[in-house]
Structures are given as C-alpha cells and as structure tokens.
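In what follows, a single structure is set out as structure tokens and then discussed.
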Amino acid sequence: MAPDEEGIDQWLDVNQFPEHLKKYWFQRFKIWQKYNEGVWMTEDAWFGVTPEPIANKIAVHIAEAASKEKTIIIDAFAGVGGNAIAFARSGRWEQVFAIEKDPKTMKCAKHNAEIYGVSKKIVFHTGDCFDIIKRFIGKNNVVIFGSPPWGGTEYNADNVFDVSVMQPYNLDTLYKKFSKLTKHIVLYLPRNSDLNQIARYAPEGKKAEVAHYCMLGASKALCVYFGDFDFEGGEEVDASAS
Ligand code: MGP
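Mapping of the sequence shown onto this note's numbering: position 109 corresponds to residue 113, and the numbering continues sequentially without gaps.
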C-alpha cells in the first residue's frame, strides 16, 4: 500500500532519494530486510532508524540480560518502528509499548509493524514519552529502551561525542526522567559517545555495560545498559555476522 500523506515515503528507485540521503539507498536492505514489501519511511528516519540486524541483536541482548520479572518494554523514541518491531518479534515481552511524538512517523511505525506481522503485539502511543511513561509509575516490571535523536548527522564531527550537549535531550535529562520510572534503562547512543560521562550515571558501586553494535565490522552505535542486566562480560558485536 502506497503512503497517502506528504512526508511519508516509499521510495523504490534511487532517483527518488534526495541527494543527501543517497547513501541509504544502498543500505536499504540492511536497514529493512523487507524493504521491498512496502516499508514506509520519513526523511529523518533514514539516518535515525536502527538497522534491522542491530535491532534484532539488541532485542536478543535485552531479552537475555533482563531479569525474568521484567515483562514490559517501552520503546520511548520508537521512530518508524525498527526497535519496537524487533522487541515484539523476540516474543520475550508480555507487552511492548512504542511511543512516538510525530504522528507521521508513528503512522510509518504502525504500517511497518504490519509488514513484519507484529502490529497487534505492540501498543502504540503518540505523544511525548516523558508524559506517557508517567502512566507506568509504580510498576516494577518495566525496562525502558531509548534511541533518542542525537541532534542530527553531525554527531561524529568530533572524535568524542559530548553527551551533555546532545539535542534535544542530553544524557542527564534522559537518565533523570527515565529513572523516575525504572532504573533498568537501555540507551542507543553515538558510537563515539564519551564513556567517562556515561560512567558517571552507573549506580553506586556498579558498572554500566556498554556494547558496540557493528555492521560489516564497523561500529554503528553503542548501547549503554543501566540497571540490573546480567551479561557475561562485555563484548563487541557484529550484528551483520549473525
Ligand atoms: P550514520 O550517521 O548513517 O553513520 O548512522 P554511518 O552509517 O556509520 O555512516 P558513516 O558515513 O559515518 O560511516 C549510523 C547509525 O546510527 C544509523 O543507522 C542509526 O541507527 C544511528 N543514528 C544516526 N543518527 C544520526 C541517529 C540519531 O539521531 N538517533 C538515533 N537514535 N540513531 C541515530
């Protein structure tokens, strides 16, 4: 089904891609294996979505490392659905919530979840994630996953990315707002994020785990795991190899 709204795209030809997004044409099947089944995208989603093999790998890691009592996962910045779809497909969660502020982006997420056969396994909320997560306060079975905007594509202009100036929400804001609901928080951040800054948010006497997620041998991003995630040591992961 073709999108019927401006700002939602289903490009099937390289010539349809704006010049600044052309590199993503060549990555489209890495980003969505089912791209040709009619995936919908917004322009920003091309650089913001988590590529499918990485989303799947993150879903496996969270599923395995979270304690069994955790039965709800909230994708706080669901975008066009990459991570929420992977969480739903994992079958690990009693409930998967996908929160997205932008209605067009949310429309894409719902449509893409249908393509992947999991639209009924995800509860979608359009709105501000910091407001919506307040509904879950009091529940102790929640994990929050956040793949926030990084302030555009210039995050790798410097060798080390300063997470205190990340826009529109810096690490401090994300951590403080999410930790009012749960201390089990996974954040998907630039691969060059300042690990010293991140380490300051590890709970007293504990470490935060960080995993790099790679495709074709190169890190695309990292996830930081705050809270009780049980990993057998750190690892560097090549999602494309699995
Ligand atoms: P990229 O900027 O396309 O870099 O992002 P890449 O492919 O390594 O290209 P190179 O030319 O720098 O080598 C790589 C991945 O980072 C994307 O696939 C997204 O998963 C993630 N990503 C990039 N941005 C700008 C964002 C963002 O703003 N938010 C989130 N959550 N993820 C992003």
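Don't be surprised by glycine CBs; every beta carbon is placed ideally from N, CA and C.
None of these values were measured; they are calculated from a predicted model.
- For the segment 23-100, the full-length beta strand (DSSP E) segments reaching 3 residues or more read 76-79 along the chain.
- Cα atoms of G86 and A59: separation of roughly 6 Å, rounded to the nearest angstrom.
- Spanning the alpha carbons of V147 and A117 requires a straight line of approximately 20 Å.
- Counting along the chain, E118 sits inside the alpha helix (DSSP H) bounded by residues P107 to I119.
- Segment contact: the segment 31-46 against the segment 115-130, three or more CB-CB distances shorter than 8 Å; contact assigned.
- With distances taken between CA atoms, D13 lies nearest to G42 out of H24, I136 and G42.
- Here Y217 carries a strand assignment [DSSP, helix/strand/coil].
- The beta carbons of I89 and G131 sit about 20 Å from each other, so the pair does not count as a contact at 8 Å.
- In this structure, K26 sits away from H188, with a CB-CB distance that is not shorter than 8 Å.
- At least one heavy atom of ligand 1 lies less than 7 Å from the C-beta of A225.
- Contact holds between the segment 230-237 and the segment 59-73, because three or more Cβ pairs, one in each stretch, are under 8 Å apart.
- Under the three-state reduction of DSSP, F235 is assigned to coil, being neither helix nor strand.
- In this structure, V169 keeps its C-beta atom at 8 Å or more from the C-beta atom of L193.
- By the Cβ-count criterion, A80 is buried, with 16 or more other Cβ atoms from all chains shown falling within 10 Å of its own Cβ.
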